[in-house]
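Undergrad:
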Amino acid sequence: MDFSPADLHIHSTFSDGTTTLEQIAAIARERGMDAGVADHCGPGSFQLDTDQRFERYFEAVSRLPVYRSVELDLGREITVSPGNLERCDYLIGGVHSLDGRDFFDGSLDWEDVPSLLDRMLETIEEKARIFAFDILAHPGLLPVNLRPRRGDILDGRWGDRLIGLALEHGFALEISSRWEVPSAGIIKRAASAGVRFSLGSDAHRPEQVCRLDRSLALARECGLDGADLFRPARQLAEKIA
Ligand SMILES: [Zn+2]
Ligand SMILES: [Zn+2]
14 MDFSPADLHI HSTFSDGTTT LEQIAAIARE RGMDAGVADH CGPGSFQLDT DQRFERYFEA
74 VSRLPVYRSV ELDLGREITV SPGNLERCDY LIGGVHSLDG RDFFDGSLDW EDVPSLLDRM
134 LETIEEKARI FAFDILAHPG LLPVNLRPRR GDILDGRWGD RLIGLALEHG FALEISSRWE
194 VPSAGIIKRA ASAGVRFSLG SDAHRPEQVC RLDRSLALAR ECGLDGADLF RPARQLAEKI
254 A
């Protein structure tokens, strides 16, 4: 494989991660990998929910040799101003809930799967228009009760529609090491259509930072190389030994 991988999706103590920014920078250096911090951004106290909190976060991340990003909570209203979001090296968008229903709430029953799938794509498209995010996190992450059926639910027409959106709006599809999405089938179809990819651990704990085992195995299986990957434009400062 002709590229040096970067983990562009890492959470810190500024949202719901347990890893400090300094630890993230140290682990990345140890593993010889570039790292991007992308804390949750949306309403709610565990997220970056105000310009003031964003400012503190951005200043702290800027002191370290890591990329500065946020993971926009696409199913909800973003409460940090666009001018602040633009200062990031890149933006990630992720769907974690729809219409006030949380994908992580196992007590919710999602009976109308076709309309859920439509709403996921509509939300991605609407927010891609507004925020022009660079990476779609965990594409096809489903409500917890539906996850065992993800292959049947996502791989056909939904996958093709997702690929169409990625091409139209120019966002990369994240190959997640945490979630079992997207599938090799979607990655291969997306790659031959010219979509780019990014690799992400979605780490919330130190031992997950810069661990891209599933992402790299899939990238290899699907024959991806450096030209298929999104990379932030900014060069990271020389890492201090
Ligand atoms: Zn996410
Ligand atoms: Zn995340």
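Just add 13 to wherever you are in the sequence shown, counting from 1, and you've got our numbering.
All residues carry an ideal CB built from backbone N, CA and C; glycine is no exception.
Express the C-alpha separation of D64 and G94 in angstroms, rounding to a whole number.
TA: Note on identity: in this sequence residue 94 is Ser, with Gly being the wrong assignment. Cα to Cα, the separation comes out at about 7 angstroms.
Undergrad: In the DSSP assignment, what are the bridge partners of G107?
TA: D86.
Undergrad: Going by the beta-carbon positions, is the gap between L21 and G213 smaller than 7 angstroms?
TA: In contact: L21 and G213 (Cβ atoms closer than 7 angstroms).
Undergrad: With ligand 1 as the reference, list in chain order each residue whose Cβ lies under 5 angstroms from any of its heavy atoms.
TA: Those satisfying the condition are, in chain order, G107 and A150.
Undergrad: Output the boundary residues of the alpha helix (DSSP H) element that contains H182.
TA: From DSSP, the alpha helix (DSSP H) with H182 extends over R170 to H182.
Undergrad: Let me make sure I understand the geometry here. Which of A216, D241, A145 and D226 has the alpha-carbon closest to that of T32?
TA: Considering only alpha carbons, the answer is A216.
Undergrad: Using only the heavy atoms of ligand 2, determine whether one of them is closer than 6 angstroms to the beta carbon of E84.
TA: E84: yes, Cβ under 6 angstroms from ligand 2.
Undergrad: Cβ of D215 versus every heavy atom of ligand 2: is any distance shorter than 6 angstroms?
TA: Yes; taking the cut-off as 6 angstroms, the Cβ of D215 has a heavy atom of ligand 2 nearer than that.
Undergrad: Spatial neighbours of F16 within its chain, please: C-beta separation below 7 angstroms, excluding the five flanking residues on both sides.
TA: Result list for F16: D238, G239 and L242, in chain order.
Undergrad: Which residue's Cα is closest to the Cα of M133: G57, L167 and I148?
TA: Among G57, L167 and I148, the Cα nearest to that of M133 belongs to L167.
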